[in-house]
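Q:
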Amino acid sequence: MPADALVLVVETDDDPVIGGLGEEVAEELRGVPGLAVRSAGERDATLTLARMGDNEVRARLLSDGTALWTITEDRSQPYLVTAVAGGVATALGRSLPRRTATTREQEGFELYLEARHAMRHHWSVDVSRALSLLDAAAAKLPDDPRVRATRVLVRVRDAFFERGPDPSRFDELRADARDALRDAPDRVDAWEAAARAELYAGHTVEAARLLVDATGRFPGSAPLHGLLGALIGECGDLEGGLRRVEMARWLAPESETDAVTHAYLLLLSGRHDEARSLLRSPVRGPTARPLEEMRIAVWEGRMEAPVATHDVIPQLAEWIGGAAHVLATRSMPPGFAVAVDRYLAQPASPRFHAGLQQRLSELLVRGGEAEHALELIVDASLGALTDLAWFDHCPVLDELRGDPRFVDARARVAATAEAVLAVLG
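FYI, in this note's numbering the residues of the sequence shown are 1 to 425.
1. Hey, out of S63, V57, P33, whose CA is closest to D44's CA?
2. Pull up the DSSP beta-bridge partners for W69, would you.
3. By the DSSP assignment, the beta strand (DSSP E) with L8 in it spans what residues?
4. State the CB to CB distance for the pair E114 and L133, rounded to an integer number of angstroms; the pair is presumed to be in contact (CB under 8 Å).
5. Is D403 helix, strand or coil when you go by DSSP?
6. To which residues of the same chain is A138 closer than 6 Å at the C-beta, ignoring the five residues directly before and after it?
7. Measuring straight from C-alpha to C-alpha, what distance separates A275 and L291?
8. Thinking S76 and E254 are a contact (beta carbons under 8 Å), I'd like their distance in whole angstroms, please.
9. For R455, which of helix, strand or coil comes out of DSSP?
10. By DSSP, does M52 sit in helix, in strand, or in coil?
11. Just grab the DSSP bridge partners of V37 for me.
12. List the residues that DSSP assigns as beta-bridge partners of T287.
13. Between T82, H325, G53, which has its C-alpha nearest G31's C-alpha?
14. Taking the C-alpha atoms as reference points, what is the distance between E293 and V326?
15. Among D183, R120, D54, which residue has its Cα nearest to the Cα of D143?
16. CB-CB under 8 Å to W299, same chain, minus the five flanking residues each way: which ones, in chain order?
17. In angstroms, rounded to a whole number, what distance separates the CA positions of G216 and R129?
18. Smallest Cα separation from G229: which of G241, S221, R366, A339?
19. When you compare only the Cα positions, how much space is there between T287 and P306?
20. Would you identify the three-state DSSP class for A348, choosing helix, strand or coil?
21. Using 10 angstroms around the beta-carbon of Q357, count the other beta-carbons present and answer buried if the total reaches 16, otherwise exposed.
22. Give the straight-line distance between the Cα atoms of L6 and Q315, rounded to the nearest whole angstrom.
23. Find the nearest neighbour of L61 within the set D54, G53, T72, judged by alpha-carbon distance.
24. The alpha helix (DSSP H) spanning L141 covers which residue range?
25. With burial defined as no fewer than 16 other Cβ atoms inside 10 Å of the residue's Cβ, what is the status of M247: buried or exposed?
26. Among residues of its own chain, excluding the 5 on either side of G236, which ones have a beta-carbon nearer than 6 Å to its beta-carbon?
27. From T261 to D392, what does the alpha carbon distance come to, in whole angstroms?
28. If you follow the alpha helix (DSSP H) that E107 is in, where does it begin and where does it stop?
29. Would the beta-carbon of A429 fall within 8 Å of that of L68?
30. Can you give me the C-alpha to C-alpha distance between H117 and E23, rounded to a whole angstrom?
31. Apply the 10 Å Cβ neighbour rule to P223 and answer buried if 16 or more other Cβ atoms are within range, or exposed otherwise.
32. Using the DSSP secondary-structure output, state which residues sit across from D74 in a beta bridge.
33. Taking one C-beta from the region 49-57 and one from the region 11-22 each time, how about it: are there three or more such pairs within less than 8 Å?
34. Among S381, L131, T46, whose alpha-carbon lies nearest the alpha-carbon of G65?
35. Looking only at its own chain, which residues have a Cβ that is under 6 Å from the Cβ of A324, when we skip the five neighbours before and after it?
36. What number of angstroms, rounded off, separates the C-alpha of A422 from the C-alpha of I232?
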């Protein structure tokens, strides 16, 4: 962000519709030149949104305790988002750029706003609630490009974790994301959907192209910076990746996805204590952080598991238990590798699949099954794995480095990483 950018924080009450309205207004304002919009932290001005009675919303713009602008609007006002965002921009001496025209039907729009709220709070755990709300919103607003773009983004995220018999579903999602981008090129969600669809499907170079264009258009988007930072770091430029992810976390300090990415890049950089400290910082609700802290212990070759400081996402509990057994006994738990192999055999997004193979290979090496680990690494290198930094900086892999199969696998991943970095310039 420009050093002289004016920093605005958007705050809302606990009402899901108002929370979604805050997300939508913030996205509108991120297109304003010279304005940096954060979700929390230090700021020059604060926009507060609150529900008033049954049908009204009050927006107040404050700076140093002084009210710069206030408006109270009916929630059914056809252009509520534009009215609030435009009023804020004008009060701050800026102008709001033109955006994609949208239809407005109150019930459908409020379903959409609730979905935006659910996305923010459950993105790293489960987006099913957001998806059901967006399905309902799309039924009422079938021609709204804003709703279509956000719905495709959530479908892509949901498919990243989905298990099922049809691995070709990403072909459809990639096409849908491209359509959303064509119809709403001024929506961050459309760009993020297109980039994630390519990335999750294993088309990493194309994802990089989209992210470069998107971050140029939307320099204030935390998700775009986080995605691009992760990709840059994986491809070997750890400092460049960290700069991007730190920007993402400055813009959205509450993002769990970016916090975990930040910790991983610190781990790859050899800054284990910083990664561990970040993972132990306060967080609301179940999280993947205990799994990431366990990974640090595996890398360091400890003989005991770290004490969890947060509640873990339930789906990760079995994995953490298996890792703890490996650390304590230097052997794989009975049936654990077979169970994970069976899980790997179920189609998932290629990138998710490759990430699982990475993590399991680390446990296999520590558990005395290096040959099995090598098989997974080779298979991942033939698929969607682009994490060259992992090959070069993960100490668990040291005993494999002389094996020609490992050397060939690294060379394949390095070729992809080089192509990605060439796109990034």
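Ideal placement from N, C-alpha and C gives every residue a C-beta, glycine not left out.
Remember, predicted model here, so these are calculated numbers, not experimental data.
A: Reading it off the structure:
1. What you label residue 44 is simply residue 44 of the sequence shown in a count that begins at 1. Ranking S63, V57, P33 by Cα distance to D44 puts S63 first.
2. Counting from 1 along the sequence shown, the entry for residue 69 is found at position 69. The partner list for W69 (beta bridge, DSSP) reads L61.
3. Along the sequence shown, one-based indexing puts residue 8 at 8. Start and end: 6-12.
4. Here residue 114 refers to the residue found at position 114 when the sequence shown is read from its first residue. Here residue 133 refers to the residue found at position 133 when the sequence shown is read from its first residue. About 5 Å separates the two Cβ atoms, so the contact holds.
5. If you number the sequence shown from 1, residue 403 lands on position 403. D403: coil per DSSP, three-state reduction.
6. Here residue 138 corresponds to residue number 138 of the sequence shown, with the count starting at 1. The beta carbon of A138 lies closer than 6 Å to those of V147, R151 in the same chain, with the five residues before and after it left out.
7. Position 275 of the sequence shown, counting from 1, holds the residue named residue 275. Position 291 of the sequence shown, counting from 1, holds the residue named residue 291. Straight-line Cα distance between these residues: approximately 13 Å.
8. Against the sequence shown, residue 76 aligns to sequence position 76. Against the sequence shown, residue 254 aligns to sequence position 254. S76 to E254, Cβ: 30 Å. No contact.
9. Outside the displayed span of the chain (1 to 425) sits residue 455, for which this structure offers no information.
10. Mapped onto the sequence shown, residue 52 falls at position 52. Strand, per DSSP.
11. Counted from its first residue, the sequence shown places residue 37 at position 37. According to the DSSP secondary-structure assignment, V37 is paired through a beta bridge with L8.
12. Residue mapping note: residue 287 aligns to position 287 of the sequence shown, counting from 1. Beta-bridge partners of T287 (DSSP): V312.
13. Looking up residue 31 in the sequence shown gives position 31. Considering only alpha carbons, the answer is T82.
14. Here residue 293 refers to the residue found at position 293 of the sequence shown. Here residue 326 refers to the residue found at position 326 of the sequence shown. Distance from the CA of E293 to the CA of V326, rounded to the nearest whole angstrom, comes to 15 Å.
15. Along the sequence shown, read from residue 1 onward, the residue named residue 143 stands at position 143. Ranked by how close their Cα comes to the Cα of D143, the residues D183, R120, D54 have D183 in first place.
16. Here the question's residue 299 lines up with position 299 in the sequence shown. Only L267, H272, E362, C394, P395, V396 meet the Cβ criterion.
17. Here residue 216 refers to the residue found at position 216 of the sequence shown. Here residue 129 refers to the residue found at position 129 of the sequence shown. Cα atoms of G216 and R129: separation of roughly 31 Å, rounded to the nearest angstrom.
18. Along the sequence shown, read from residue 1 onward, the residue named residue 229 stands at position 229. The shortest Cα separation from G229 among G241, S221, R366, A339 belongs to G241.
19. Here residue 287 corresponds to residue number 287 of the sequence shown, with the count starting at 1. Here residue 306 corresponds to residue number 306 of the sequence shown, with the count starting at 1. Straight through space, the alpha carbons of P306 and T287 are spaced by roughly 15 Å.
20. Working through the sequence shown from its first residue, we reach residue 348 at position 348. Residue state, collapsed to three classes: coil.
21. As a working note, residue 357 is residue 357 in the sequence shown. Label assigned to Q357: buried.
22. The residue labelled residue 6 in the question sits at position 6 within the sequence shown. The residue labelled residue 315 in the question sits at position 315 within the sequence shown. In a straight line, the C-alpha of L6 is about 41 Å away from that of Q315.
23. Along the sequence shown, read from residue 1 onward, the residue named residue 61 stands at position 61. The shortest Cα separation from L61 among D54, G53, T72 belongs to T72.
24. Working through the sequence shown from its first residue, we reach residue 141 at position 141. It is not in any alpha helix (DSSP H) - L141 carries neither H nor E in the DSSP assignment.
25. Counting from 1 along the sequence shown, the entry for residue 247 is found at position 247. Per the 10 Å Cβ criterion, buried.
26. Your numbering for residue 236 matches position 236 in the sequence shown. Cβ within range, chain order: L388, A389, A417.
27. Working through the sequence shown from its first residue, we reach residue 261 at position 261. Working through the sequence shown from its first residue, we reach residue 392 at position 392. Cα to Cα, the separation comes out at about 18 Å.
28. One-based indexing of the sequence shown puts residue 107 at position 107. For E107, the enclosing alpha helix (DSSP H) has its first and last residue at 106-122.
29. With the chain running from 1 to 425 in the structure shown, residue 429 is simply not present.
30. To locate residue 117, count along the sequence shown from 1; it is residue 117. To locate residue 23, count along the sequence shown from 1; it is residue 23. If you take the alpha carbons of H117 and E23, they lie about 7 Å apart.
31. As a working mapping, residue 223 is identified with position 223 in the sequence shown. By the beta-carbon neighbour count (other beta carbons within 10 angstroms, threshold 16), P223 is buried.
32. Reading the sequence shown from its first residue, position 74 is the one you call residue 74. Answer is E56.
33. Yes, the region 49-57 is in contact with the region 11-22.
34. Start at 1 with the first residue of the sequence shown, and residue 65 comes out as number 65. When the alpha-carbon of G65 is set against those of S381, L131, T46, the nearest one is in T46.
35. As a first step, residue 324 is located in the sequence shown; it is residue number 324 there, counting from the start. Closer than 6 Å at Cβ, skipping near neighbours: A305.
36. To locate residue 422, count along the sequence shown from 1; it is residue 422. To locate residue 232, count along the sequence shown from 1; it is residue 232. A422 and I232 have their C-alpha atoms roughly 11 Å apart.
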